[in-house]
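According to full-length UniProt numbering, the sequence shown is numbered sequentially starting from 1. The structure under discussion appears below in the form of C-alpha cells.
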Amino acid sequence: MSYPLYWLDKQLFYPIGNTAAFSLTQDLSPEQPSTNILLLGCGDPRSILFTAYSDLTVGQNERNLDFTCCDREPAVLARNTLLFALLDRNEDIDQIWDIFYHFKVDDRALGIITRLSRYLHECALSPESWRQSRFGSFIKVVDTRTLTELRRHWKHYADYASLAASRKAKLLKEQIEFTKSRPKPFAVVASPSRSAGMLWPQAMASVSDLFDKYWETGTTYSRAKDIKNATNLNPTFLYSLSGEGFNPHYGTFPHGFHLMSAYAPIVSNPTGPMPNTGSPAIDISKQQFTAWCKAFCSAKNANNITIRLFSGDALALCHALYALQVTGNPLTNILAGAYRAAQINLDEHANSDGPTVFDVIDTSNLADHIGILNLLIASAGLLIKHPESQSVLYTETLIPSGQDTTKSFPERFCTDVPTIALLLGLAPRPYIAKFTTHSNVHEILFSRQAAQYHERVTWSSPSGGDKHASQTDCTVSFDAVTLARILYGMYEKMFANEDISNIMASLTPSGIMEMGQVHFLRETVAMLFRAVQRRVNLSEGDWVDVVGIFFQMSMMDSGRIIESNSYQDNYLQFHLYGLFTGIPLKLDWFNNPNIRAASRLPLFDNWNVEAIPPVVCVVLIVPRQRLQVLFASDPKKAGNPTLQISVRAESHDNTFSAIHAIWGRCVITPDSHRVALEEGSSDKSDLIVSFWASSYALEHIGTRVYLFLKQTPQALYFKSKLGEHLDVFGSDIMDENHVKVLPYRPTLADEPTQGPPSEYNPLVPVPPLDYTCQATITKSSSSCVDTLTVRFQVDLPEEQNQLLAGASVSTKQVSPCTMELLIGKHIHMITYPYPIDGSLNKLRIARKSRYVEVIVPVSTPTDSAGYFFDPFPIIQKGAYTPWNIHHLNLDRLPTLDVSNPAKVDWLNPFCALQCSEREKGIRNGPDAQQLLEVNALVNVKDTIHAITMNLSGVQGHKTRVLGLCDPTRDGVYAILLVGGIRLDMPSFTIAIDTALVPLSRLQMPEMMPAIQTLHSARNMVQVNTIGHEVTAWKRLFPAFVERCRNWSHKPECGYTKSGQIPLSTAIDGNPLCDCGRGIGFVGPEWKVSEWKGLLPFATRAAICPIFSLPYIERIAENLMETSNSVDSKPVGVCWACHGPGKPKISVCARCKEARYCSVECQRRHWKTHKKDCMAK
C-alpha cells in the first residue's frame, strides 16, 4: 500500500454518493466509437447512468461504454448490481427508486429485493455460472474474490425477510437510535442542495427539510399512506464491511441529481414527464433518474454497456492493472486492501479481455482520504497514450484544506504544476489553459454554510492541446542533482507534519487538523521515485546518484524530529522497489562482519545460513484485549489514528510505516507446513500485523516490536492511556506466541505466499522517443522546474555547412509548447512537453559541434505565453474536438424560461463572476488597457455577460438575435440566433444554444436577402467587440461548435483542406468550415419566420461563460481573504448567519447592500454593519 494504515473500528457505510452526477465522456471526441473508463471509489452508479443519458455521439451511433468500477466497500457494488439487474428485468423505475434510495421499504419492495437477491446469489455460485447468467453478458467481475464478496451480500439481502423477529427488532432499534444520534447542524443542512449551483440559497432550506424528513421516515415519500406502509428496513442498507447493522453515513440522501432545474424556471425539459410528489427537488430527481435509467437500458439492449466490478483498494487495483499491463500475468502478488488477507488475481479480468489502459479515470473524492499525489502516482501509467484518445483523469475534493481552501488545490500534490507535469506527464488542464468552462462560483460564495468545498479538476497531458507537440514524443531529462533536489522538495512537503517548524506554525484549529492528515508513507516516496524512473531520462549521473543525494539531504535536515527513526524504512523501501540496494540488503549480508552484530539474538539460528534473505516478513499478533483502548475511543475526538510499527533495541528505534493488518489468526497449513492466515471478524479476532523488515536490523539483543500510533495532534487524545510513545502493544521479537519472522508474507491457505515487492515490480525502461528535453532549476532556493532546454542536432550536411559558415539563427514561439527555429532558410519546430514562455528564450549555438540549444522558461498562469498563443485549441484525435472546453449534448439540457427576468436575475452576478478581481480592474480601467491583446479574454467574458443579459432581459434590450460587431471596422461580423439559454447542470453553468452565422465577404451576396429580412424585424441587438477581442471570438467559434457537434465532418472539410482551425480570424473572414451548416435546427425554438433564410448558413454552437480559477486569482469572495471583510459580502445569503432567506432575503433600507434573512439577524449584525452602513 502507498498510504497509511488507519485504525478503522466502525466504518461508516456510503450507500449513496454525495455529489451530483457528471458525464464521464465529456472530454472525449463524439466520434470515438468506444471508451474504457476506470472508476476509483465509484460509489453509486449515478455518473454511469447519467453518462448513458448525456453522452454526445455523432448521428445515431452509440458509443461502447466499458466501465471498470472499484470500491473498497463490496456492499456498494452489491447494491449497484442489484440496481442494474432490476433495470435489466424491466422493473418499474419508481419501484427501483424506492429500493435503491429508501432505507425503509414496503412489503412489495422487500419482496422484490428478496427474490432478485436470491436469484443473483444462485447466479454467482461460480465465475462460470455468473458468466452464463442473463447478467453475465454485461456485468463482469475483475476477480473471483469480488464475486464471492458480492454473493455473500446478496445472501444477506435474500435472507433478511426470514430473520427472527427479535433480530429485526434489534436492527430497527439500532436504526432509530442512529437516526436520533446523527450530528445535527446549527440551522440548515446545506450539502444536499449544493447541486443547485447559483440557486443554492433558494434550495437550501427546502432541501434541508427534505433531508430531515428522509431521516425521519427513511423515504422520500410525501404521502402519509406511503410512509406508513414503509415498515421494513431495507436490507441493502444493513450489511457492509462493518458487518450487520444500520451504519450509513449521516449525510446519506439522494444527492446525485441536478437540482438547479427544480428552482429555476424551465420552459422545456427533455428528461421527460415530471412526477408530482409535492417536492420540486424530489420531482426533478425522480424525473432525472427515470430518464437516465431508460438511457442505460437502451445502451444495454444495444450491447453498448459493460460493467466490471472490483471490491478492494483503489491504489492496489491501479498497481495490479499496471502489473498485468506490463507482465501479462494476472497473479499480481498485490494485496487487495487494508484489513484484507487476499491478493489480487485478475483472472476474470484477463479472461474477459478487460482493459488495462483507460480513456477516462475518475477518482471520485478519494483525494480527500488518500491524497492527489498518491492517485497520480498509481494511475498515470493507466491512461491511454495513443493519439486517438484524449485521455483524462478527474480528481475531486470536498474536505477543506489550508487557510483558504479556494486556493489550496496547488498545495495538494507537494510541488508546483510544471514539475508534477514533467515528472508524471499529467497537469491540471484548467491551470495551464488559464480558464475553465466549469463553474465553481457557487462554492466560493456559499460553501461556508456546508463546511465543505467541492472542486473537480481535469488532468491531461500538458502538451495535448498543441498541434505540434501532441504529434511528437519527447523524453523529459534531468541531471541527477536536479532530480534529487526536486524529489527531496516533494518529500519535505509530503512529511511536513513531521517538521517541528511547521508544527509550531500550525497551532490553530485548521492548522492542527491539517497536521493530523497523514497521506504518505516512506513507501510512497519509493513509489514516486519508481513512477518517475519509468518516465524520465537522466542526462548526468544515474539513479544511484539520485538516491544517494536524496539520502544525504534527508540526513542533513534536522527539522523533522523523527527522520532518523524512518531512515531504515526509507532505505528498505528503496531496495524493495529496485531503486537502490545498500550493502546490508545484499544477498550475502550475513557473511559481512561489519553488518551482523557479533553479539546477537538467535533469531536465525535455525535457518539455513545460506538462505537467510536480506528482507524478511515480521508478523505481530496483537491480542484483541490490548486494543480496547482504541475500541473505546471517541471517534469524534480521536479520529482514525495512523498505525505504525516500531522495532526497538537499546541502540536504535526504527519506524516501519508500510504495514498491513487483518482480523484473524495465524495457522499452520497441514500440507506445506507454512504459516498462513485465517480471516476472522473485527468483533472477535486478534489483529495480525505484518511488515517487511531488514534482517540485519532484527538481531540486536533486546529487540522488541511495537504497534503504536503515529504522533499527530489527534493522536494525543491517547497519550494519557498509552504513554509517551503511544504504544498499543509490544512484544519481544523472540516471543513466538506474538511474533513470527518469516521469509515470506503469510497469505490465505489457498493462495501462494507473497514475496517482497522487488520480486514482482518490473521496471519498464523509458522508451526511446523522438528527442529529450532537459528540465532545470535556475533559482537556488527552489526545488521546482522553471526552465526547459531542447538541443536540436543539425543533421543535414547543407544545413551543417550553413551553420558553420555563420548562418543566422533565430526563434519565435508559434504555439503553446512549440518554438520555430530558423537556421538560415531551414525551419524546424522545437516542441516541449509543457507550455513555455518563448518571449524569454535564449539560444546556445555550437556551430562546430553542429547543434543549437533553445532554452525557454515554463509558462506561468499569469503570463501572456503558453496557451495564450492558442487559448481554445481544436485537436484532431481521430476527429476534431476541443481540448479545454467540455462537450455538451445540447438536446439533453433543459431550457430556462426567461419570460420573467426577475426569476433569472441570478444570471447577472453569475456572469459577472467569470472575472477575477484583477480582470475586473482591467475591465473598469482605461480603454487603452482594455484593448491590449493580453486582455482580449477579459473582453470576451464581458461580451458573454452582455449577451446573457440581453437574452434573459435582466439588463439591456431583451432579444434572441444578437450581432457581434466591431464599430471601428466593418460592423457586424457574426449573427447569433439563440434558441435558448440551457442549463449545463453538471458543470453548474449555462450554455447559450446558438445558430451561429459568421458573416464573410465571400458569402455576403448569397446571405444578403436573409440578412435584410432579419434587419427589417428590428430586433437585433449589436454587442460591440473591438480589436483583439474580434480575433478571440473567431478562435472561440470553432470550439463552441465542436463541443456540441453531433454530425460528421465531410471529406472535403475546409479545416482539412486548409490545415488550420479557425479558417480565418480576419473580421470579414469565416472561421468555420461548412460541414455543420443548417444541421440541428428542428425544435420549435428555431421556427422563427425571419430566421428561415439564415438558418441554412448557421452552425449550431454552445456558447458559455469562461471562468477564472480561484486557486490562481482572487474571485469574488475567496473564503479566507474576505471572511472578515465588510466591503465584500456574498449575494443571495444573509450577512449575519450566511443562511438563505426566510423565505426571502431582505436588503438594508439605508445602504441597499447588506442582506438579511430576518429582522433578528439584521439587529444582531447592526453592531458590525453600522459603521460601514453610515458611511454610505
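Cβ atoms here follow ideal geometry from the backbone N, Cα and C, with glycine treated the same way.
Boundaries of the beta strand (DSSP E) harbouring Phe-310: 305–311, taken from the DSSP string.
Counting along the chain, no beta strand (DSSP E) covers Lys-684, and no H or E run does either.
In the structure shown, Gln-573 adopts helical secondary structure according to DSSP, grouped into three states. Within the region 361–417, complete alpha helix (DSSP H) segments of at least 4 residues are found at 367–370, 372–379, given in chain order.
The three-state secondary structure of Gly-243, taken from DSSP, is strand. Within the same chain, Cβ atoms closer than 6 Å to the Cβ of Ser-268 are found at Thr-895, the five residues on either side in sequence being excluded.
Looking at the DSSP output, Phe-358 bridges to Leu-383. Here Gly-702 is exposed. Its C-beta has fewer than 16 other C-beta atoms within 10 Å.
A contact between stretches requires three or more CB pairs, one per stretch, nearer than 8 Å, and the region 129–139 meets this requirement with the region 73–93. Asn-345: not part of any alpha helix (DSSP H); member of the beta strand (DSSP E) spanning 343–345, first to last residue. Minimum Cα-Cα distance from Glu-1153 among the listed residues Asn-570, Lys-1170, Asp-106 corresponds to Lys-1170. Counting along the chain, Ala-928 sits inside the alpha helix (DSSP H) bounded by residues 927–930.
Inter-residue distance for Glu-699 and Ala-775 is about 44 Å (C-alpha atoms, whole angstroms).
Non-local beta-carbon contacts of Arg-412 in its own chain, meaning distances under 8 Å to residues more than five positions away in sequence, involve Ala-367, Gly-371, Ile-372, Leu-373, Thr-397, Ser-401 in chain order. Taking 7 Å as the cut-off, the Cβ atoms of Ala-1032 and Val-940 count as close.
Judged by beta-carbon spacing, Cys-773 lies beyond the 7 Å limit of Val-794, meaning their Cβ atoms are not closer than that value.
Of the other Cβ atoms in all chains shown, fewer than 16 fall within 10 Å of the Cβ of Ser-810; this residue is therefore exposed.
Counted as a single uninterrupted DSSP element, the alpha helix (DSSP H) harbouring Asp-942 occupies residues 936–952. The DSSP-derived three-state label of Gly-730 is strand. Between the alpha carbons of Gln-644 and Phe-310 lies a distance of about 28 Å. With respect to the 7 Å criterion, Trp-215 and Phe-50 are not classified as neighbours on the basis of their beta carbons. Between Val-675 and Val-705 a beta carbon distance of about 16 Å is seen, past the 8 Å cut, so the two are scored as non-contacting. In chain order, Leu-5, Ile-645, Val-689, Phe-691 place their CB closer than 6 Å to the CB of Ile-659, counting only its own chain and leaving out the 5 sequence neighbours on each side. In its chain, beyond the 5 residues on either side, Glu-820 have a beta carbon closer than 6 Å to the beta carbon of Val-814. Assigned with DSSP and collapsed to three states, Trp-663 falls in strand. In terms of Cα proximity to Lys-385, the closest of Gly-1083, Gly-312, Arg-535 is Arg-535. In the structure shown, Asp-966 falls within a strand segment according to DSSP collapsed to helix, strand and coil. The beta carbon of Thr-57 sits closer than 6 Å to those of Pro-30, Arg-63, all from its chain and outside the five residues before and after it, given in chain order. Taking each of Thr-144, Ile-947, Cys-1053, Phe-792 in turn and checking the Cα distance to Ala-342, the smallest one comes out for Thr-144. Cα atoms of Phe-478 and Asn-537: separation of roughly 6 Å, rounded to the nearest angstrom. For Phe-100, the enclosing alpha helix (DSSP H) begins and ends at 93–101. Distances from the CA of Leu-331 to each of His-319, Phe-604, Tyr-339 were compared; the closest alpha carbon is that of His-319. Of all alpha-carbon atoms in Tyr-567, Asp-226, Phe-718, the one lying nearest the alpha-carbon of Trp-7 is that of Phe-718.
In the DSSP assignment, Arg-79 falls within the unbroken alpha helix (DSSP H) covering 74–88. The three-state secondary structure of Tyr-157, taken from DSSP, is helix. For His-652, the uninterrupted beta strand (DSSP E) segment begins and ends at 652–656.
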